[in-house]
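Chains as they are written, first to last, in the working numbering: chain D, 28 to 318; chain W, 28 to 318.
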């Protein structure tokens, strides 16, 4: 290694270039080691024909982008697709339910997915039979996909955020992941931020005008929260948020914690809050707020 | 029939009620004749047990609503569904194209339907493979339905409005049907109304503020119209509108006219307008208007 210089494409020694062997095939591995300051475990071969480093670098860049988009971000995309699907199903339903007039039936108050299933039999035979069947089938496919997405996401979130899911349930875990824009952010937030995620508007109104701070945003879906009187919900949301903050950090780092115990502790806390009754709620302050 | 009174449920004669025979089964036929002032061709039978006329009347009403919703109105519903489908496909595409980031590819400028076809191969294998395939399939189904609707409607419009379609083409015929809210309306409109259908906003602005009147609304899709200089489009649209007005009346009444000759006449007129050139366009007036 005397008088030699490490380069992206190999070594330069005595004014000659020694390329890393198989640079064009193994460039991702080679570049990764170079980035980490290691010398790639590959031999060099003398060559004057340097491959187009620009193209290799671009490919390496794409690869790195791909890696930084981890499963939690993918899950957020699926989450957004499901929300859009809800909207799409309603738009589609609005148009399709109008067909009911031709069958002398009011279909507007039917469940969308039930309508798509039953549409062909409602409309009966006629010159439009085939196209009606196709329309119904497309609606059914949209509903099916929605179901598949819900199932898939509730399985995925258990893998990605096992601890948070144990404490908060799959639905809330997904909402938190989406509102926090990723597991890394969620792990970095203090508990107080997690408590008001999704209530940003009310929170900034509080900072600006001094209105009461929100007690919860997406945390509204916390199990048992709605069972509490309004004056005691903030207390419960705060306890839960601190446990979720710890759980999110463990999930992000992949470390093991006893999330079942945390869940039980939270339930014990819930009982205590319930037991303390409305006597502890500060009158005229905590009663009329909405998160 | 002396001393007898015709009623919806039968005859009243000498203070006794004679129901129409099979009133509960044949009420639609019986009621229809009564509405037309005819006496139903059915015997009467003496009975004191009058069926629930309210229910029969409701059923009769539904039947009449069904009949008044004829195929042209059904076609308008399909037309609206297709427009909604365009919007839905774009909404769906927006969410799905975002997945490209995970494959290191920019998919936002792809054709939506091509993206849905190719998505599984773009994304490759992975834990999300199955759900990605389902998402792609749903997108494909939306695109397929759109194609089916277009084919179906272009066939239907030829049956419902054969003459208008010959002159205006399937696309414009559908637009006119939808903008006119049914074949009956279209048959009743004067040619001048047909000419500006779909340009209501510009037309009422013209009436209110004296701005130049619109030359065309949906008629913008008239064959060869865009090939003309702007100053001559109004002339051609006016000629076409008068022919379409005649054709729409024939279509509504189901009478036969030589629409092919009308089409040829219109094309001859087009040549004449083209031939007259810009010399006949009134300067400073017809040149800068948009419908």
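Don't be surprised by glycine CBs; every beta carbon is placed ideally from N, CA and C.
Minimum Cβ-Cβ distance from residue i to chain D less than 8 Å
i: residue 156 (chain W); result: no
i: residue 111 (chain W); result: yes
i: residue 207 (chain W); result: no
i: residue 204 (chain W); result: no
i: residue 276 (chain W); result: no
i: residue 6 (chain W); result: Residue 6 (chain W) cannot be examined here, being either before or after the span of chain W that is shown, 28 to 318.
i: residue 307 (chain W); result: For residue 307 (chain W), the predicted model reports a pLDDT of 46, less than 50, meaning its position is unreliable; a value from the coordinates is still stated below. Output row for residue 307 (chain W): interface = no.
C-alpha distance - residue i paired with residue j, whole-angstrom precision
i: residue 251 (chain W); j: residue 260 (chain W); result: 10 Å
i: residue 131 (chain D); j: residue 205 (chain D); result: 44 Å
i: residue 157 (chain D); j: residue 300 (chain D); result: 60 Å
i: residue 302 (chain D); j: residue 202 (chain D); result: 29 Å
i: residue 296 (chain D); j: residue 181 (chain D); result: 26 Å
i: residue 50 (chain D); j: residue 108 (chain W); result: 55 Å
i: residue 242 (chain W); j: residue 264 (chain W); result: 7 Å
i: residue 125 (chain W); j: residue 134 (chain W); result: 7 Å
i: residue 121 (chain W); j: residue 270 (chain W); result: 43 Å
i: residue 39 (chain W); j: residue 47 (chain W); result: 11 Å
i: residue 152 (chain W); j: residue 104 (chain D); result: 17 Å
i: residue 37 (chain D); j: residue 100 (chain D); result: 36 Å
i: residue 244 (chain D); j: residue 199 (chain D); result: 11 Å
i: residue 114 (chain W); j: residue 117 (chain D); result: 13 Å
i: residue 162 (chain D); j: residue 173 (chain D); result: 17 Å
i: residue 282 (chain D); j: residue 41 (chain D); result: 50 Å
i: residue 289 (chain W); j: residue 272 (chain W); result: 12 Å
i: residue 185 (chain W); j: residue 195 (chain W); result: 11 Å
i: residue 72 (chain W); j: residue 45 (chain W); result: 5 Å
i: residue 246 (chain D); j: residue 226 (chain D); result: 9 Å
i: residue 220 (chain D); j: residue 253 (chain D); result: 20 Å
i: residue 144 (chain W); j: residue 256 (chain W); result: 41 Å
i: residue 159 (chain D); j: residue 231 (chain D); result: 49 Å
i: residue 80 (chain W); j: residue 74 (chain W); result: 14 Å
i: residue 110 (chain D); j: residue 218 (chain D); result: 26 Å
i: residue 82 (chain W); j: residue 119 (chain D); result: 33 Å
Residue-level contact to chain W via CB, residue i, 8 Å cutoff
i: residue 316 (chain D); result: Low local confidence applies: a pLDDT of 44 at residue 316 (chain D) is under 50, so the model's placement there is unreliable, with the coordinate-based value given in what follows. Not one chain W Cβ lies under 8 Å of residue 316 (chain D).
i: residue 126 (chain D); result: yes
i: residue 118 (chain D); result: yes
i: residue 175 (chain D); result: yes
i: residue 77 (chain D); result: no
i: residue 40 (chain D); result: no
i: residue 59 (chain D); result: no
i: residue 310 (chain D); result: No answer about residue 310 (chain D) holds up, because its pLDDT of 46 lies below 50 and its placement is not dependable.
Listed by chain order, chain D residues near residue i by CB distance under 7 Å
i: residue 115 (chain W); result: 115, 118 and 119
i: residue 101 (chain W); result: 129 and 155
i: residue 165 (chain W); result: 168, 169 and 172
i: residue 179 (chain W); result: 158
Chain-ordered neighbours of residue i on chain D, where CB pairs are closer than 8 Å
i: residue 290 (chain W); result: Within 8 Å Cβ-Cβ: nothing; residue 290 (chain W) doesn't reach chain D, min ~27 Å.
Beta-carbon neighbours of residue i, restricted to chain W and to distances below 7 Å
i: residue 161 (chain D); result: 172 and 175
Where residue i meets chain W, residues with beta-carbon distance less than 9 Å
i: residue 192 (chain D); result: The contacting residues do not exist; residue 192 (chain D) stays about 17 Å from chain W at best.
i: residue 108 (chain D); result: 119, 122, 123, 125, 126 and 162
Residue i at chain C interface by Cβ criterion, 8 Å
i: residue 181 (chain W); result: No chain C is part of this structure, whose protein chains are labelled D and W.
**Request:** Taking only runs that begin and end inside the segment 205-262 of chain W, name each unbroken beta strand (DSSP E) of 3 or more residues, in chain order.
**Result:** none
**Message:** Does the segment 127-141 of chain D come into contact with the segment 155-171 of chain D, if we say contact requires no fewer than three beta-carbon pairs (one atom in each stretch) closer than 8 Å?
**Reply:** yes
**Item:** Segment contact flag, the segment 232-247 of chain D with the segment 178-192 of chain D, C-beta cutoff 8 Å, min 3 pairs
**Value:** Segments in contact, no.
**Message:** Three Cβ pairs or more, each shorter than 8 Å: is that satisfied between the segment 212-226 of chain D and the segment 272-282 of chain D?
**Reply:** Yes, the segment 212-226 of chain D is in contact with the segment 272-282 of chain D.
**Request:** Taking only runs that begin and end inside the segment 159-204 of chain W, name each unbroken alpha helix (DSSP H) of 4 or more residues, in chain order.
**Result:** 189-195
**Item:** Within the segment 87-167 of chain D, ranges of the beta strand (DSSP E) (whole runs, at least 3 residues)
**Value:** The segment 87-167 of chain D contains no whole beta strand (DSSP E) run of 3 or more residues.
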